[in-house]
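Below is one structure, written out as structure tokens; comments come after it.
Written out as structure tokens, the structure is:
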């Protein structure tokens, strides 16, 4: 599906991709790492990238992060899956945002996990609903193995959970001695506003597990994510890793490229992504303003669009495809795949002019289907 | 543990590592793949490397291999683990060689799999014992989910299963409608003698699953392996993959490096590895000839050494470590970690002179402990 109007997947911006600098990084990194490439990487992976990602965390969160407690993974999805593999048996429960990333939903479903959804509002997971859910599961004698939250630029809603609500979430977690798994894969894809702290920076208990990535600030094709957890939790997670370790070649090249310019790189990438977000918001206003409403995300790669209540989604999908426009249906993001009058638009990859034209076409499709 | 006499791990030969050519490959590959790096790789991965690995299989086996049925993985261990995750539930049984790779043993144990061992002789898994085992498990109402075999340069024994025995194995598998998982991770690390066909080349049933790797013919740090299976088996395996796909950067660079010179690369690497194997065999003859016996592998990276029957392995390990010599204990390779008077020596990474000196020291350690 090669369309200029493909808004279905959370890919990154090829226009700001630093091809020449990445070539230079490879030229410098490969001779340095040549000997180490012949050695198995161990369960933690390339020490240089672990140090750099520990710095990234320390710079953002202002707390010390030990690179020996940071585990490189094949993208953050390996980490999200590994956590569940390590902590759950089939039939176990996990509490998570009611609307969520289909990759996580599919992974946890395949593992036989019962996903218990908590509704969201504009600030992320609702704490009143979380508390009720935790009480109910506890009363039923089957508390969740962990609370999974994507509190920063939540996928698909774009919601950012403020600091105060994070503290409330931790209070509920403490009441039930629950493990909190924070997926911060969109962390640092930041356009404006506050950067509330990560949960591990608010709670130094070993019940905190944190997941992050290079897929969104750099590119998914380098397949580098990481998880951060302290012993003994760290050891529980590592005991379930059986892929003989993460990618040394990719890690060495990325360490060389990002070293000394991580935040400058993020600033460049984010400025261009913000323009794309703005172009999509303007086009939505111009072409869907009379029929739909949508999120105004301050980071991340997605806009979550609420469609007219009784719209025929199959018809909309067909009409849009007729115009070469693609999106992700809201049902894909529901824990039970329930049909909802929503769609998710990804703005990272397409060019600004294609965003403008594609959303115009999408508006036509909505008008056509609702006429 | 940085010792010149580290014979514990199956690392590759840094002396033949093509640093300059890999830099050149990265310089050419990165601009070509820049746009694609911004896109999620899908469950199969980089089409170029899949085509090249399909050619590798076709060249070796003489049968057509469809690149659309070949799945790139994070090293072959991700494939070995994925197969069990997709086909087994905790408590299920798998039949496999009695002496096996610790990574596989640990992975399958963590998955709750009951590993049922089949004894080996100099030609690999014994078919009489396999047939008895299959009958017993069948009679017990709990047949294995698959037969896992590392028939080429078996780890740790180095055994090569001849064609005739492969056909016998397939006959037993057919009798019980069993899935065969061939792990050919040492395939093409070939020094001399026959190259019997892979199981999939002897049996075109969709019960065949094949696993291979770049870790041994190139280097483990590129973390690239693959599995090959045809639908509907392929779909069963892909349904359990949840890491958002394999590494595009690493695959693109390797495709550029190996393209057009895969077999020339293997010839160069294997010639140097053969010298190391020969150096280790000579040193064993010189320094352990009066007390031990060992395998004479025609490929792969290991020699399997039988020690005097009642040797104190803790004492030997300590005496060797005193001399900065490291090896892998035989018990690590037993499905139940039973103590056995064996050790495994890896000859890929150390220099020839260090192999000679290290084995001399090992001989001293054996003499000291058995004195």
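Chains as they are written, first to last, in our numbering: chain A, 2 to 372; chain B, 2 to 372. The beta carbon of each residue, even a glycine, is placed where N, CA and C say it ideally should be. The structure displayed is predicted, hence computed values, not measured ones.
Pair within 7 angstroms by beta-carbon distance, residue i and residue j
{"i": "residue 165 of chain A", "j": "residue 334 of chain A", "result": "no"}
{"i": "residue 187 of chain A", "j": "residue 301 of chain A", "result": "yes"}
{"i": "residue 30 of chain B", "j": "residue 304 of chain B", "result": "no"}
{"i": "residue 241 of chain B", "j": "residue 87 of chain B", "result": "yes"}
{"i": "residue 50 of chain B", "j": "residue 252 of chain B", "result": "yes"}
{"i": "residue 169 of chain A", "j": "residue 126 of chain A", "result": "no"}
{"i": "residue 160 of chain B", "j": "residue 121 of chain B", "result": "yes"}
{"i": "residue 95 of chain B", "j": "residue 136 of chain B", "result": "no"}
{"i": "residue 348 of chain A", "j": "residue 281 of chain A", "result": "yes"}
{"i": "residue 32 of chain B", "j": "residue 20 of chain A", "result": "yes"}
{"i": "residue 18 of chain B", "j": "residue 27 of chain A", "result": "no"}
{"i": "residue 370 of chain B", "j": "residue 317 of chain B", "result": "yes"}
{"i": "residue 218 of chain A", "j": "residue 195 of chain A", "result": "no"}
{"i": "residue 14 of chain A", "j": "residue 273 of chain A", "result": "yes"}
{"i": "residue 113 of chain A", "j": "residue 91 of chain A", "result": "yes"}
{"i": "residue 6 of chain A", "j": "residue 355 of chain A", "result": "yes"}
CA nearest to the CA of residue i, picked from the options
{"i": "residue 131 of chain A", "options": "A:179, A:104 and A:158", "result": "A:179"}
{"i": "residue 10 of chain B", "options": "B:363, B:351, B:361 and B:369", "result": "B:351"}
{"i": "residue 225 of chain A", "options": "A:87, A:77 and A:96", "result": "A:77"}
{"i": "residue 171 of chain B", "options": "B:328, B:190, B:84 and B:149", "result": "B:149"}
{"i": "residue 55 of chain B", "options": "B:103, B:201 and B:287", "result": "B:201"}
{"i": "residue 249 of chain A", "options": "A:24, A:4, A:324 and A:39", "result": "A:39"}
{"i": "residue 192 of chain B", "options": "B:285, B:317, B:111 and B:267", "result": "B:267"}
{"i": "residue 154 of chain A", "options": "A:327, A:208, A:109 and A:298", "result": "A:298"}
{"i": "residue 102 of chain B", "options": "B:185, B:25 and B:92", "result": "B:185"}
{"i": "residue 181 of chain B", "options": "B:203, B:194, B:190 and B:75", "result": "B:203"}
{"i": "residue 41 of chain B", "options": "A:83, A:209, A:215 and A:106", "result": "A:215"}
{"i": "residue 63 of chain A", "options": "A:46, A:139 and A:205", "result": "A:205"}
{"i": "residue 236 of chain A", "options": "A:25, A:12, A:27 and A:69", "result": "A:69"}
{"i": "residue 211 of chain A", "options": "A:222, A:220 and A:228", "result": "A:228"}
{"i": "residue 107 of chain A", "options": "A:336, A:363 and A:340", "result": "A:336"}
{"i": "residue 116 of chain B", "options": "B:93, B:287 and B:104", "result": "B:93"}
{"i": "residue 213 of chain A", "options": "A:151, A:112, A:265 and A:367", "result": "A:151"}
{"i": "residue 340 of chain B", "options": "B:295, B:264 and B:308", "result": "B:308"}
{"i": "residue 46 of chain A", "options": "A:133, A:256 and A:57", "result": "A:256"}
{"i": "residue 247 of chain A", "options": "B:183, B:264, B:366 and B:221", "result": "B:221"}
{"i": "residue 293 of chain A", "options": "A:208, A:60, A:174 and A:363", "result": "A:363"}
{"i": "residue 287 of chain A", "options": "A:24, A:361 and A:5", "result": "A:361"}
{"i": "residue 366 of chain A", "options": "A:338, A:315 and A:23", "result": "A:315"}
Span of the beta strand (DSSP E) around residue i
{"i": "residue 161 of chain A", "result": "Per DSSP, residue 161 of chain A belongs to no beta strand (DSSP E) and is neither H nor E."}
{"i": "residue 209 of chain A", "result": "209 to 214"}
{"i": "residue 115 of chain B", "result": "115 to 119"}
{"i": "residue 147 of chain A", "result": "147 to 150"}
{"i": "residue 183 of chain A", "result": "181 to 184"}
Run of the alpha helix (DSSP H) containing residue i, from where it starts to where it stops
{"i": "residue 357 of chain B", "result": "353 to 371"}
{"i": "residue 95 of chain A", "result": "Taken as a continuous stretch (DSSP letters only), residue 95 of chain A belongs to no alpha helix (DSSP H), being part of the beta strand (DSSP E) at 94 to 98."}
{"i": "residue 134 of chain B", "result": "128 to 140"}
{"i": "residue 103 of chain B", "result": "103 to 111"}
{"i": "residue 31 of chain A", "result": "20 to 38"}
{"i": "residue 283 of chain B", "result": "263 to 289"}
{"i": "residue 256 of chain B", "result": "249 to 259"}
{"i": "residue 59 of chain B", "result": "48 to 62"}
{"i": "residue 220 of chain B", "result": "No alpha helix (DSSP H) holds residue 220 of chain B; DSSP gives it neither H nor E."}
Residue i - partner residues in DSSP beta bridges
{"i": "residue 345 of chain B", "result": "B:305 and B:329"}
{"i": "residue 74 of chain A", "result": "A:226"}
{"i": "residue 295 of chain A", "result": "A:306"}
{"i": "residue 191 of chain A", "result": "A:300"}
{"i": "residue 155 of chain A", "result": "For residue 155 of chain A, which the question treats as bridged, DSSP gives no partner whatsoever."}
{"i": "residue 335 of chain B", "result": "B:100"}
{"i": "residue 7 of chain B", "result": "B:327"}
{"i": "residue 123 of chain B", "result": "None; residue 123 of chain B has no bridge partner."}
- prompt: Taking any Cβ of chain B, which residues in the segment 74 to 97 of chain A have a Cβ under 7 angstroms from it, in chain order?
  reply: 75, 76, 78, 79 and 82
- request: Give the residues from the segment 17 to 31 of chain B that approach chain A closer than 7 angstroms (Cβ to any Cβ), ordered along the chain.
  value: 18, 20, 23, 24, 27, 28 and 31
message: Which residues of the segment 324 to 358 of chain A have a Cβ closer than 7 angstroms to any Cβ of chain B? Give them in chain order.
response: 350
field: Proximal residues, the segment 139 to 167 of chain B versus chain A, C-beta separation under 9 angstroms
entry: none
- request: Identify each residue in the segment 98 to 117 of chain B for which the Cβ-Cβ distance to at least one residue of chain A is less than 8 angstroms, and report them in chain order.
  value: 104, 107, 108 and 111
query: If you measure beta-carbon to beta-carbon, which residues of the segment 208 to 219 of chain B are closer than 9 angstroms to chain A?
result: 216 and 219
query: What residues in the segment 169 to 185 of chain B bring their beta carbon closer than 8 angstroms to a beta carbon of chain A?
result: none
- prompt: Listed in chain order, which residues of the segment 36 to 64 of chain B have Cβ atoms closer than 9 angstroms to some Cβ of chain A?
  reply: 36, 37, 38, 39, 40, 41, 42 and 47
task: Output, in sequence order along the chain, the residues in the segment 216 to 241 of chain B whose CB is closer than 7 angstroms to any CB in chain A.
output: 220, 221, 222, 223, 224, 240 and 241
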